[in-house]
Amino acid sequence: MEAVECIKTRMSIRKFKPGLVPNSVLTEIINTAQRSPSYKNSQPWEVVVVSGKKKEELSALLVRLLEEGKTPAPDIPEAVSWPPDIADRINELMKKRSALMGVDLNSPEMKKKSKAANFRFYGAPHGIFIFQDASLNEWSIFDAGLFAQSLMLAARAHGIGTVPQAFLTDYSHEVKQFLGIPESKRLVLGISIGYPDMENPINTFRTSRVETEKILRWVE
Ligand SMILES: Cc1cc2nc3c(=O)[nH]c(=O)nc-3n(C[C@H](O)[C@H](O)[C@H](O)COP(=O)(O)O)c2cc1C
Numbered sequence: 018m019e020a021v022e023c024i025k026t027r028m029s030i031r032k033f034k035p036g037l038v039p040n041s042v043l044t045e046i047i048n049t050a051q052r053s054p055s056y057k058n059s060q061p062w063e064v065v066v067v068s069g070k071k072k073e074e075l076s077a078l079l080v081r082l083l084e085e086g087k088t089p090a091p092d093i094p095e096a097v098s099w100p101p102d103i104a105d106r107i108n109e110l111m112k113k114r115s116a117l118m119g120v121d122l123n124s125p126e127m128k129k130k131s132k133a134a135n136f137r138f139y140g141a142p143h144g145i146f147i148f149q150d151a152s153l154n155e156w157s158i159f160d161a162g163l164f165a166q167s168l169m170l171a172a173r174a175h176g177i178g179t180v181p182q183a184f185l186t187d188y189s190h191e192v193k194q195f196l197g198i199p200e201s202k203r204l205v206l207g208i209s210i211g212y213p214d215m216e217n218p219i220n221t222f223r224t225s226r227v228e229t230e231k232i233l234r235w236v237e
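To convert a position in the sequence shown, counted from 1, into my numbering, add 17.
The structure is reproduced here in structure tokens:
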């Protein structure tokens with residue numbers, strides 16, 4: 018697939034077909050993502066793919082922690098507040114998604130249901146977790162973001178869907194314990210990955226972007 022088309026047609030997939038992606042294809046996608054640029058070619062990313070029974074067990078663990086009301090403690094904390102223009106974009110997204118689903122996604126009950134769906138990897142057959150050494154600074158988190166985007170684009174080129182999920186880092190400590198990752202590592206991001214179920218209405222949702230003029234300034 019042509020690069021620009023790949024970038025423009027990638028979207029977050031929130032319902033997947035159950036079929037497994039062959040390990041060879043997942044390896045090829047991750048290998049492609051390794052071509053991402055990074056600060057001094059430091060390549061500050063480590064990847065765990067969880068599938069099958071282990072993925073089901075991890076989902077059950079995360080849903081149980083949610084049900085017990087355990088306070089999330091992600092390695093990268095959630096923002097406490099947003100500048101007004103950014104807050105407006107977030108509100109617009111939530112309003113549009115709520116309209117599509119026919120529910121108020123901001124209600125406490127729906128927030129919990131939505132988190133549980135995240136913890137079930139939206140039905141995807143695989144979850145990908147990106148880690149890096151916890152001593153690394155913001156540039157390395159930036160690099161991991163580049164890696165994540167390359168991974169999602171490489172997946173898209175293979176007809177495979179993804180969704181990046183900060184929520185999958187809510188219980189970083191427990192995820193690391195479950196996957197056998199030491200506490201010296203930071204969990205940066207979770208990504209659900211699999212063949213997209215494009216028949217499901219949830220995957221008809223398209224997000225908008227602000228007009229280019231609003232984020233671009235020419236100085237000449
Ligand atoms: C760092 C990051 C964290 C995200 N966390 C979540 C999440 O926890 N759950 C979820 O459903 N989507 C999550 N998303 C997906 C965004 O909501 C989505 O990328 C955005 O609304 C734009 O939509 P698009 O990906 O379809 O273009 C996340 C995206 C990024 C980049």
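The beta carbon of each residue, even a glycine, is placed where N, CA and C say it ideally should be.
In chain order, which alpha helix (DSSP H) runs of at least 4 residues are fully inside the stretch 122-205? You should have 125-136, 155-174 and 189-196.
At a threshold of 7 Å, does residue 137 count as lining ligand 1 (C-beta to nearest heavy atom)? Of the heavy atoms belonging to ligand 1, none sits nearer than 7 Å to the Cβ of residue 137.
Residue 13 in three-state terms, based on DSSP: Because the chain is modelled from 18 through 237, residue 13 falls outside the range shown and cannot be assessed.
Tell me the rounded alpha-carbon separation between residue 173 and residue 31. Looking at the backbone, the Cα of residue 173 and that of residue 31 are separated by about 14 Å.
Would you give the residue range spanned by the alpha helix (DSSP H) that residue 4 belongs to? Missing from the structure shown is residue 4; the chain here goes from 18 to 237 and no further.
Would you mind reading off the limits of the beta strand (DSSP E) that contains residue 120? From DSSP, residue 120 is part of no beta strand (DSSP E); its letter is neither H nor E.
Say whether chain C places a C-beta atom closer than 8 Å to the C-beta of residue 62. No chain C appears in the structure shown, which is made up of a single protein chain.
Residue 144 versus 21, 23, 47 and 26, residue with shortest Cα-Cα distance: If we check each option's Cα against that of residue 144, 47 comes out closest.
Residue from 64, 85 and 210 whose Cα sits closest to the Cα of residue 135: Among 64, 85 and 210, the Cα nearest to that of residue 135 is on 210.
Test item: CB-CB of residue 175 and residue 42 under 8 Å: It is a contact, given that the beta carbons lie within the stated cut-off.
So which of 28, 89, 154 and 206 has the shortest CA-CA distance to residue 183? In terms of Cα proximity to residue 183, the closest of 28, 89, 154 and 206 is 206.
Mind checking whether the beta-carbon of residue 194 lies closer than 7 Å to any heavy atom of ligand 1? Every heavy atom of ligand 1 is 7 Å or more from the Cβ of residue 194, so no.
How many angstroms separate the CA atom of residue 58 from the CA atom of residue 81? Those two C-alpha atoms are separated by around 39 Å.
Just to confirm before moving on: does the CB-CB distance between residue 151 and residue 92 stay below 8 Å? With contacts defined by Cβ atoms closer than 8 Å, residue 151 and residue 92 form a contacting pair.
Around the C-beta of residue 67, are 16 or more other C-beta atoms found within 10 angstroms, so that it is buried, or is it exposed? Classification for residue 67: buried.
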